[in-house]
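Contents: one structure, followed by commentary.
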Amino acid sequence: MNTLLIQVASNPADVSGMDELLWRVLWQPIGLPRQVRRRFLVAGEQIELVAKQDDRLVGGLVAAKTADAEIELRHLAVSASERGRGIGRRLVEALIREAASRGCNRVHTIARNSSAGFFRKLGFRPAAGVAPEHPAFARHGITFELMEMMIESAGTGQARPGLRD
Ligand SMILES: CC(C)(COP(=O)(O)OP(=O)(O)OC[C@H]1O[C@@H](n2cnc3c(N)ncnc32)[C@H](O)[C@@H]1OP(=O)(O)O)[C@@H](O)C(=O)NCCC(=O)NCCS
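See below:
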């Protein structure tokens, strides 16, 4: 069976598996240290989702509720061998449902230039503000764009949709 499940990272194996995947995909290739994710931590309740294919962890997403009605998508990675199969889309769509169920009306992100096209496909648009610059990323040709998606909040969140879809 090729069942893809999107779930909250709720057990230690998922949490550490996702931490490893994020590092391998996002930061190891540009020479950043293993613990660098801590430096990118922002305040706010953290939301961590994993994508599992037949019990293998193939994708992960980290977001934070940075304001009353806003969620920031901080990190997103899909295993290199599993890209182009809709896993990234499913993770972001699950986050958007989660954001709506929490009464949020905006999901925003700092997109890498290499993934901005992916976010545009999903309906994100350029957001106001100045994107950060980071020499460690710039050395590898990585620049950033602020992007956002306005969403319809589900109100009180009482009818919270499940993450499995
Ligand atoms: C960006 C990433 C998460 C996309 O995940 P994915 O599972 O390969 O994407 P999907 O298969 O869900 O793609 C959804 C759509 O976006 C398109 N797409 C995917 N990656 C794209 C990219 N880098 N640029 C432009 N379009 C892209 C797909 O073609 C697909 O379009 P379609 O619906 O018309 O078929 C994945 O490529 C990845 O992990 N990249 C490296 C890490 C990274 O850049 N993370 C984001 C940091 S901001």
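When we follow my numbering, the leftmost residue of the sequence shown carries the number 94, and every step to the right adds one. We put the CB at the ideal spot given by N, CA and C, even for glycine. This one's a predicted model, so the numbers in the text were calculated from it and none came from an experiment.
Query                                                                                                       : Result
Can you tell me where the alpha helix (DSSP H) with ALA61 in it begins and where it stops?                  : The structure shown does not extend to residue 61, since the chain is modelled only from 94 to 258, so the question has no answer here.
What would DSSP say about LEU98, mapped onto helix, strand or coil?                                         : strand
Tell me which residue opens and which closes the alpha helix (DSSP H) that ARG259 is part of.               : Past the boundaries of the shown model lies residue 259; the chain is included only from 94 to 258, so the question cannot be answered.
Determine the contact status of VAL155 and ARG167, defining contact as a CB-CB distance below 8 Å.          : yes
When burial is assigned at 16 or more other CB atoms within 10 Å of the CB, is SER194 buried or exposed?    : buried
Does the region 172-179 come close enough to the region 197-215 that 3 or more CB-CB pairs lie under 8 Å?   : no
Going along the chain, which residues put their C-beta within less than 6 Å of some heavy atom in ligand 1? : VAL118, LEU119, LEU169, ALA170, VAL171, ARG176, GLY177, ARG178, GLY179, ILE180, GLY181, ARG182, ALA204, ARG205, SER207, SER208, GLY210, PHE211, LYS214
Closest to ARG218 by CA distance: which of ILE244, PHE230, GLN146, GLY234 is it?                            : ILE244
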